[in-house]
Each structure stands twice: as C-alpha cells, then as structure tokens.
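Novice: Those protein sequence lines, which keep their order, are chains U, A and G.
Numbering-wise, the first sequence is residues 4 to 279 according to our numbering.
Numbering-wise, the second sequence is residues 129 to 423 according to our numbering.
Numbering-wise, the third sequence is residues 5 to 363 according to our numbering.
Note that the Cβ used here is the ideal one computed from N, Cα and C, for glycine as well.
Note that the structure is predicted; figures quoted are calculated from it, not measured.
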Amino acid sequence: MSITLAKRRVIPGFGLTMGFTLLYMGLVFLIPVGAFLLYTTTMSWETFWSAITQRQVVASYKLSFGGSLIAATINLVFGALVAWVLVRYRFPGRRVVDALVDLPFALPTAVAGIALVTLYASTGWVGQYLEIFGIRVAYTQLGVVVALTYIGLPFVVRTVQPVLEDLEAEWEEASASLGAGRLTTLRRVIFPALLPALLTGYALAFARALGEYGSVVFISGNLPFRTEITPLLIVSKAEQYDYHGAAAIGTVMLLAAFSMLLVINGLQWWAGRRHA
Amino acid sequence: MSTSLTATPPQDISSTRWRRATEEPAWIRLTLITLALTFVTLFLVLPLTVVLYGAFERGIGVWWAAVQDPDALSAIRLTLLIVAIVVPLNTVFGIAAAWAIAKFEFRGKPVLISLIDMPFAISPVVVGLIFVILFGSQGWLGPWLAAHDLRIIFAVPGIVIVIAFGTLPFIARELIPLMQQQGKEEEEASLTLGANGWKTFWYVTLPNIKWGLIYGVILCNARAMGEFGAVAVVSGRIRGETNTMPLHIEVLYNEYMFTAAFAVSSLLTGLALVTIIIKSMVEWQEERRQRIAAT
Amino acid sequence: MSIEIDHVNKHFRDFVAVDNVSLTFNEGELTALLGPSGSGKTTLLRIIAGLEQPDTGRIRFHGEDTTDKHVSQRGVGFVFQHYALFKHMTVFQNVAYGLTVRPRQSRPSKADINAKVMHLLELVQLDWTAHRYPHQLSGGQRQRIALARALAVEPKVLLLDEPFGALDAKVRAELRRWLRRLHDDIHVTSVFVTHDQEEALEVSDRVVVMNKGRVEQDGSPEQVYDTPANPFVYRFLGNVNLFHARLHDGVARIGDIQLPAPEFHGYHNERGEAYVRPHEIEVLATRQHDDALHSQIELVSVIGPTVRLELRTNNTETLVHAELSKHHFHSLGLKQGSDAWIRPTHSRIFLPDERVANG
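1) Note the first and the last residue of the continuous alpha helix (DSSP H) segment covering G:Met93.
2) At the 8 Å Cβ level, is A:Gln308 part of the contact set with chain U, yes or no?
3) Label G:Glu220 either buried or exposed according to how many other C-beta atoms from any shown protein chain fall within 10 Å of its C-beta, with 16 as the threshold for buried.
4) List the residues of chain G that U:Val13 touches, going by C-beta distances under 8 Å, in chain order.
5) Could you pull the start and end residues of the beta strand (DSSP E) that G:Asp116 belongs to?
6) Give a yes or no on whether the minimum CB-CB distance between A:Gly340 and chain G is below 8 Å.
7) Does U:Glu175 get closer than 8 Å to chain A when you measure Cβ to Cβ?
8) Which residue marks the beginning of the beta strand (DSSP E) containing G:Glu220, and which one marks its end?
9) Determine the DSSP secondary structure at G:Gln77, reduced to helix, strand or coil.
10) So G:Phe168 is in the beta strand (DSSP E); what residue range does that whole segment cover?
11) For U:Ser223, I'd like the list of residues in its chain whose CB is within less than 6 Å of its CB, leaving aside the five on either flank, ordered along the chain.
12) Can you tell which of A:Ala283, A:Glu378, A:Thr333, A:Ala389 has its C-alpha closest to the C-alpha of G:Met93?
13) U:Ile237 versus chain A: which residues are under 9 Å apart at the beta carbon?
14) Mind listing which residues of the segment 100–112 of chain U have their C-beta closer than 8 Å to chain A's C-betas, in chain order?
15) Cβ closer than 8 Å: which chain A residues qualify as neighbours of G:Phe82?
16) In its own chain, which residues sit with a C-beta less than 8 Å from the C-beta of G:Gly32, not counting the 5 before and 5 after it?
17) Taking CB distances under 8 Å as the criterion, tell me whether G:Gly169 reaches chain A.
18) Would you list the residues sitting across from G:Val311 in a DSSP beta bridge?
19) Quick one: what does DSSP say U:Met21 is sitting in, helix, strand or coil?
20) DSSP three-state label for G:His269, please.
21) When the cut-off is 8 Å and only beta carbons count, does G:Gly42 lie next to chain A?
22) Near U:Gln59, which residues of its chain fall below 8 Å by C-beta distance, leaving aside the five closest residues on each side in sequence?
23) Taking the alpha-carbon of U:Val88 as reference, which of A:Leu165, A:Gly322, A:Pro238, A:Pro252 has the nearest alpha-carbon?
24) Using a Cβ distance threshold of 8 Å, determine whether the segment 30–37 of chain U contacts the segment 236–255 of chain U, with at least three qualifying pairs required.
25) Between G:Leu130 and G:Val83, how many whole angstroms is the CB-CB distance? I'm expecting something under 8 Å.
26) Quick one: is G:Lys91 near chain A, going by C-beta distance under 8 Å?
27) Could you run through the segment 99–126 of chain G and flag, in chain order, every residue whose CB is less than 7 Å away from some CB of chain A?
28) Could you tell me how far apart the beta carbons of A:Ser394 and A:Ala183 are, in whole angstroms, since I believe they sit closer than 8 Å?
29) Is it the case that the segment 20–39 of chain G contacts the segment 203–210 of chain G, given that we only count it when at least three CB pairs across the two stretches are under 8 Å?
30) Check the Cβ of U:Arg185 against every Cβ in chain A and list those closer than 7 Å, keeping chain order.
31) Determine the contact status of G:Val95 and A:Lys327, defining contact as a CB-CB distance below 8 Å.
32) Are the segment 94–108 of chain U and the segment 396–416 of chain A in contact at 8 Å, needing three or more beta carbon pairs?
33) Short of 7 Å in beta carbon distance, which residues of its chain neighbour G:Leu124, apart from the five on each side in sequence? Order them along the chain.
34) So, is U:Thr56 buried or exposed, given that buried needs 16 or more other C-beta atoms within 10 angstroms?
35) Could you pull out every unbroken alpha helix (DSSP H) segment of at least 4 residues lying fully inside the segment 162–249 of chain U, listed in chain order?
36) Taking only beta-carbon atoms, is A:Val427 less than 8 Å away from chain U?
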C-alpha cells in the first residue's frame, strides 16, 4: 500500500511569511520599479537617446563614475589598512574606532554633507591648512571625491574584517617557517585570501558612491559641467517637470545599479566558493 | 571554529625584541596605526565633532531655541510620524522574510535574497523619481489621483512610501544570516514538546534573535529619519508641512542659519551614535556567546 | 505503545533516504537504529517523530494512524543530537517548557509543574543545576537535561538522535549504561539512532541495521553480532577477516583448511567468501592440526589486556587479523617475525554476490 501524501511542512508559517514578504516587496518596490521601467519604454528611442547623451549629462556621468571610482580606490587601500589595524593590533581607543567605522552608515547624509563642507571650506578646520598648499576641496571635484570616500568608507572595512579575523595564524606561521619574509607572506598568503573580500568591498563602495546624493550636494557646489553629479541632474530635471529627461537618466542609473548588484553577487558567490 | 582573536593574539605596540612569526616590526605597526587613525580622524571623527561643535558653539540656550523653532518642531513631528509607520512595517517584513528564508527550503531562495538587497543598491533620487513619475501631477496615475482628490507626491504618503522603499532591507538583512546560522533545531525541539507555531516563535525564536532585531530596528529607524535624497524629490519642501528633519537642515543651511542647521543635525547625530553603540553592544554579546560556546 | 512503520519511502531530490522500510517497534522495547552515515536512520527517526513527512507509507502508534498528525500533537519525546536546549532559558525553564506551553485548560498548576520538573531533574541526577543556563553545563549534563525535557511531556514514545554522538569516549560509556538503567525504570518505547556498533549492542534490546535506506537485519544484539545476515552487517559490526574459498560438496576449502559448509551441498567448485572475526582465529605456535595455515606475524600491538596480530599467510599472501588475550599470547611464546599457524574456529560463508545461503 502506498499513498501519495499532500506536501506539508513541519515548521508552520511558510505560507503566511512568504506571502507577506512577496506582497510587501511587490507593493513597495517591485511593482513601482517595474512600472517605472515600463514608463521609460513609452519614450521613443530618439527622445531617450538624446536625453541621456546631452553634453551636461555626459559630463555628470564622467564626474559620477570617475569620482566613485577614485573614492572606491581610496577606500580599497585605506579600508584594508583600517581593517588590518583593527584586527591585528591593540591600541587605546580601538573599540571606539571600530564602532565609528559604521558612522557613514548611520549618520544622515544631509548632516554629513554640511559637516564635510564646513570642515573642508577654505575657512574650515581642515580646509584652511589645505589652502596654504593651494589645495581647494569645497566646491571642486576634489570635494565630490571626499564626500564619496566618506560615504563608502564602511564597506571595504566591514567586508575585509571578518575574513581577516578568520584567517588562521597557521598559514602565516607555515609561510614563515618555510623561510618567507613578512612581505612575501603578505603578498603570497594573506593577500590572495583577502582578494574576494577586497573586491566585494570595492564594488559595494563604488555602487554606493554612484547613487549618493545627500552628502555630495553641499560640498560640490553643483556647477554645471564641473561639479554636477548625475543624481543631482535627476533631481533638477524632476523639479522642472522634465519627467522624460529625468526618467531616461534614472533608467541609466538603475541599470548601472543592477549591473553592480550582479557583479557583487558574483563576487560573493566566488568568495563563498573559495571559503568552502 | 575559533576566531583569530585567539588564533593570532594581537600585539601590543610595545613589545620585546623577540618577534612572533605573524607579527611585523614595531615601527611598521606604529606607522600603520598612525596612518589608519589619521584617515579615520579626517573622515569620521572630525565631521562628527564639527556637527556637535557647531550645534553648541553659541551655548545650550541657542541650541534649545533652534530646536524649539516651530518649523523645526513640525519637521521633528513629521519625521516621528513617518518612522512610526515605516519602522513597524519593515520590522514585520524583516521577521517574515527571515522566517521564510531561514526555516524553509524552496526554489529561488538566492534570487529572493538578492531582491531584498535591491533597494539598497538603487540611488535614493531614483527611488524618489520612480514615485514622482507614477503618482506626480504629470505622472501616470496623476490625473486619476487628482480626480479623486488624493495627494501622494508633495504629501506625507509619498514620503512614507519612498522611506519604506529605501529602508526595506535593513531589518531583513540583520535577521536572515542570524536565523540561518541558528538553524531550526530549537524550533523543532519546541514543536516536539507540543508548542504551536506562535508559541514557538514567541518563546524560542524571538529571544534568540532579540539583539539582532533590536539593532536592525534601530538602524532602520536611524536611516528612515535621515533619508534625504528620495524625500527631497517627493516632498516638495513645503515648510511646516512636508519638511522632514534632513530637509529642514538643508533649508536652514541654504539660508545661512548654520547654528540652527547644526542644532537640528545634532539630534540626528545623537541618534546615529546610539545606533552604532547598540551595534557594538550586539557584537560584544555575540563575541561573548561564541567564547562561551567555544569552552 | 508500539510503533508500526508501514512501507515508508522518503527521498531528497534524487537521493533515496528511506527505501520502502517496514518495521514494528514493540511496546516498552529499547531499539537501536544502527548504520553508517547516510543510511537513512536519522531520517527514519525524524519521520516517526513527525519532523519529516514520508513520501509514501504510513506510521501507526499502537494501531492508530499518526502519519498526518503534526509533530506538536504526536506526543513523542525527541532528543536531538546537539541537545537543542533553549539557550536563553534556565535548565528548569527548559524542562518545564513542554508543560508551560500547553493551552490553559490542560496546563498543570505552577506547583504541579514545579514538582514534576524537580522530580525529573532528580531522575537525571541534576536537580542542583535547575537555575543554571545550558552553557554552564558539560556536554553529558546537557544531554541528560535534554532527556528530562523530553520526558516532561510524558511522551508515548521516546526518540533519540545520536544521543551520545557529541560526547567524549568516557562520558559516552557512562551515559549509555545510565540510559539502559533509566529505560528499565520508565519502560517507555524508545528508539535511538547510532552509528556506533558497540553502543547499539550494549544498550538496546533490539538492533535494526540500516544501509542505503534499507533494513539489512533486525534482531537481538546477539543475533546480529553472532549471525550477521549478510556481508554488510558482518563488516559493519566489528572487524572481520575475509577468506576466498572454494565450495565443493558441502565443504569450503581455504588453502589446506577444510571447513564444513553443509548449506552448500549441491555446489561444485564454486567461489565463496568466508567471514571470520579476529577473535575467532586460533593462533598456534606449532603445527598441531593438518588444516592450519602457515603464516608469519608481521605486527604485534598490545592494547591493554588484548593483543592484536597482523599475520601474512605464506601461500596466499593474505593479511589476517587475529585477536587474543595478552595472557594467552605470552603463553604461546610468539613475537614479531615468528612463524605461526592459524585456523578459523568459526566462520560464515557467503557467495560473492552477497546472497545469504543460510540463516
């Protein structure tokens, strides 16, 4: 005798929780995002293309992508350094520094924006000393990079830190016992182990910087062709009711975000496979 | 597995001449620490200090007056109203999503997890734009909404929905790995002892995820109160009506009322500090738990 | 309460975990489900508990079909391999849990719960830990608390999943004797899963040997050890030597040795395999019988009171393991490198395709 039974799960609540999850995600963002992409398709290709290739818009891409790339690279180097120092060394205030790394994550971007411009303005605490060397930060492209560096700071630190913590001392000891110097061990043993995490953090910092608005608009000065980031252009077009122009650029940003998400997922899959 | 804190004992800066295999010479250690601290000071400590300094520079009286300003109070009230709607919704969502993902096997789970992360990757101004285009007066549903005398854009509902969108992942992202790591044995044990689903969740699951949940809620709260880009697009910045705290700060700053801007900022900064303190507490809790588990 | 498993199947994706198993566990018996990892024993236990749903087949408790009953209504006590104690509750709260989560109408009074929990804690000899948390206890203590917690709901059947798997050797041995005595006291129908044959043989009234989702043998500990049903059971329960033999007219030949094999009377010059346990190999210093194999002692290892020998036979070059008492070994006057003669005192013969010729 064998009777096929209806599929039933032992732990209760699958239907309820899954149903709510999908319903909420659908209402809050899946349907709106889908509708937005649908709206973009109602534009003619010529309208769309001319909207996203205006000279002012292209200049903003260069600044947004270039600035994000530079900021993410700064974070790659200093983020790895901060993670290393936090995991490997003991010094007074370590716990405080460790906690502070999350500040850009928790502090509203508008607050960060006015704080950064106040600091780096030519009369500010930091700006006045940079002024002596002829370096201007506020209202320049350098200011954009400073703000994007700030906003992406937690990512490399927080992806590298756990991997560094899990790194067994045995590997380094083995390397040293086989005659390698500290630098060789770093290059041949530690760096390869950290590589997936470094790249993931780099991609996360880049993706975050690309879409950032609040912390940049105060320090950048928003000069067309010079210090205007792409998100700012979207805002000003939306405020002028140029919905087609805004939607076209917004679609470009959305597609860039999706591709970054794919890249990050790929990197995490790679990191997970290497870890296993 | 033991964490490296035990595997590689971190070194004191001062050390004897004997050097262990996993350690660098003292001068290198000192240089690296100095570099890292300089970076952290420039990008984290100074911005934090400048906000608090700016807020209290002219005394607590001026600070208090700025916070008591009617426009500031209305921005605070609006912000609190919005988080009172958004945070509970995202909390229920986070718990539901984590339960479904951590306690069950189903096809497409990795896709679902990536989808939950998606709002995090989308630029806040694009989030705002999406809803302006859907519900704005010249948007898709604009004429229909106007005919029924409903306002979403340049009104509170629009602000609520963009903030819900932007902060949707935070609680779920905290809970999913936590609940996956805890597995389902304790829940199964509870069920074999005759408890139903709700009791199992309430008495067994919830106490286990308590700290992660608290941190997720507080982070979601901080991000909801501080959301700027998306709100800037949909709110219309109507003073005393649709200005949230971050928008109010922007208005004050652009009107050169720096002390007032920093005073309102200091409230949000305080919230951010509470958030990272709670995160540290959660992590210490976890470290302690792991140390106990290792013994 | 008896448990009846009726043609149960369970697969995970393309892995068959339980393959058409039918079994009955008798009232008050303590049964071991023994098998290597992946043999389906834990899945079967979880199906009995209601933690997994069988693809097909039925489960009955004392004749009543419980297949569709939810785990929380089934009245089983389940002890998890890693205890699954609630970390945030004290020992007392853990044991009391099953009583405190009952609906108000059937929930005992506070005083009754208190009395019951303390009684159970005394039964597992841990009443002094009532106000501690699980992480303050040792592994063995946690396991006993997990057992007390399962017993608190007065289960009709008690199911234990590798109950001693996570403990070290000494605690394991103590705890399994204790479990045996406890079972003799409370006499609830119990099934426990183990991959440790010694544990199964020592503790249980009955052993069910499983492999690849199927039942290989079902019988008393003595039966499965002394008369394994097939080569798998032979190999799984303890060490065994395998000799290639020729079967001819009710006799099995291994080199010069002739073993009676009446069950193979009709066979002519067929290949067979003889299974002999190490302690069933007689080791002699001189050639006293015609039918002994000449061999050399390659390795002598002394393990406490017993001696294990590795011998290589001279003509077939087979490696043979033998086991004897240290006392006996010394009386033989043999050492590493010595010549010795061996012969099986007892054996079971199977055909190479693992068919059993005789029960």
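Specialist: Judging by the given coordinates:
1) By one-based count along the third sequence, residue 93 of chain G stands at place 89. Run containing G:Met93: none; DSSP gives neither H nor E here.
2) The sequence position of residue 308 of chain A within the second sequence is 180, counting from 1. No, because no Cβ of chain U sits closer than 8 Å to the Cβ of A:Gln308.
3) Translated into the one-based positions of the third sequence, residue 220 of chain G becomes position 216. Using a 10 angstroms sphere on the CB of G:Glu220, the tally of other CB atoms reaches 16 or more, which defines it as buried.
4) To locate residue 13 of chain U, count along the first sequence from 1; it is residue 10. The answer, in chain order, is Gly54, Leu55, Glu56, Gln57, His74, Val75.
5) If you number the third sequence from 1, residue 116 of chain G lands on position 112. Careful: G:Asp116 lies outside any beta strand (DSSP E), inside the alpha helix (DSSP H) at 114–127.
6) Position 212 of the second sequence, counted from the first residue, corresponds to residue 340 of chain A. Taking Cβ atoms only, chain G never reaches closer than 8 Å to A:Gly340, which makes this a no.
7) If you number the first sequence from 1, residue 175 of chain U lands on position 172. Output row for U:Glu175: interface = yes.
8) Position 216 of the third sequence, counted from the first residue, corresponds to residue 220 of chain G. Residues 218–223.
9) By 1-based counting over the third sequence, the position of residue 77 of chain G is 73. The answer is helix: DSSP assigns G:Gln77 an H, G or I state.
10) The residue given as residue 168 of chain G occupies position 164 in the third sequence. Per DSSP, G:Phe168 belongs to no beta strand (DSSP E) and is neither H nor E.
11) Working through the first sequence from its first residue, we reach residue 223 of chain U at position 220. The beta carbon of U:Ser223 sits closer than 6 Å to those of Gly146, Val147, Thr230, all from its chain and outside the five residues before and after it, given in chain order.
12) The residue you call residue 93 of chain G lines up with position 89 of the third sequence. Comparing C-alpha distances from G:Met93 to each of A:Ala283, A:Glu378, A:Thr333, A:Ala389 shows the shortest one belongs to A:Thr333.
13) Here residue 237 of chain U is taken as the residue at index 234 of the first sequence, counted from 1. Neighbours of U:Ile237 on chain A, chain order: Ser251, Val253, Val254, Gly256, Leu257, Val361.
14) Val100, Asp101, Ala102, Leu103, Val104, Asp105, Leu106, Pro107, Phe108, Ala109, Leu110, Pro111, Thr112
15) Indexing the third sequence from 1 puts residue 82 of chain G at position 78. Glu316, Ala317, Thr320, listed in chain order.
16) The residue given as residue 32 of chain G occupies position 28 in the third sequence. Excluding positions up to five away in sequence, the list reads His191, Val192, Thr193.
17) For the purposes of this step, residue 169 of chain G is identified with residue 165 of the third sequence, where counting begins at 1. No, its Cβ sits nowhere closer than 8 Å to a Cβ of chain A.
18) Indexing the third sequence from 1 puts residue 311 of chain G at position 307. BP columns for G:Val311 point to G:Val306, G:Leu328.
19) If you number the first sequence from 1, residue 21 of chain U lands on position 18. Here U:Met21 sits in helix by DSSP.
20) Within the third sequence, numbered from 1, the residue matching residue 269 of chain G stands at position 265. Reduced to three states, the DSSP call for G:His269 is coil.
21) Here residue 42 of chain G is taken as the residue at index 38 of the third sequence, counted from 1. With 8 Å as the cut-off, G:Gly42 does not count as an interface residue toward chain A.
22) Indexing the first sequence from 1 puts residue 59 of chain U at position 56. Closer than 8 Å at the Cβ level, and outside the excluded window around U:Gln59, lie Pro227, Phe228, Glu231, Leu236.
23) Locating residue 88 of chain U in the first sequence gives position 85, where the first residue counts as 1. Selected option, being the one with the closest Cα: A:Leu165.
24) no
25) Locating residue 130 of chain G in the third sequence gives position 126, where the first residue counts as 1. Locating residue 83 of chain G in the third sequence gives position 79, where the first residue counts as 1. At roughly 15 Å, the Cβ-Cβ gap does not stay under 8 Å, so G:Leu130 and G:Val83 are not in contact.
26) The residue you call residue 91 of chain G lines up with position 87 of the third sequence. True, the Cβ-Cβ gap to chain A drops below 8 Å.
27) Tyr101, Gly102, Val105, Arg106
28) Within the second sequence, numbered from 1, the residue matching residue 394 of chain A stands at position 266. Within the second sequence, numbered from 1, the residue matching residue 183 of chain A stands at position 55. Rounded, the Cβ-Cβ distance is 4 Å, consistent with contact.
29) yes
30) As a first step, residue 185 of chain U is located in the first sequence; it is residue number 182 there, counting from the start. What U:Arg185 touches in chain A: Glu152.
31) Stepping through the third sequence from its first residue, residue 95 of chain G is reached at position 91. Stepping through the second sequence from its first residue, residue 327 of chain A is reached at position 199. In this structure, A:Lys327 does not lie closer than 8 Å to G:Val95 by Cβ.
32) Verdict: yes, contact present.
33) The residue labelled residue 124 of chain G in the question sits at position 120 within the third sequence. Excluding sequence neighbours, G:Leu124 sits near Val99, Ala152, Leu155, Ala156.
34) The sequence position of residue 56 of chain U within the first sequence is 53, counting from 1. With fewer than 16 Cβ atoms within 10 Å of its Cβ, U:Thr56 is classed as exposed.
35) Segments of the alpha helix (DSSP H) lying fully in the segment 162–249 of chain U: 172–180, 185–188, 194–214, 217–223, 233–242.
36) Because chain A in this structure spans residues 129 to 423, residue 427 of chain A falls outside the shown range and cannot be described.
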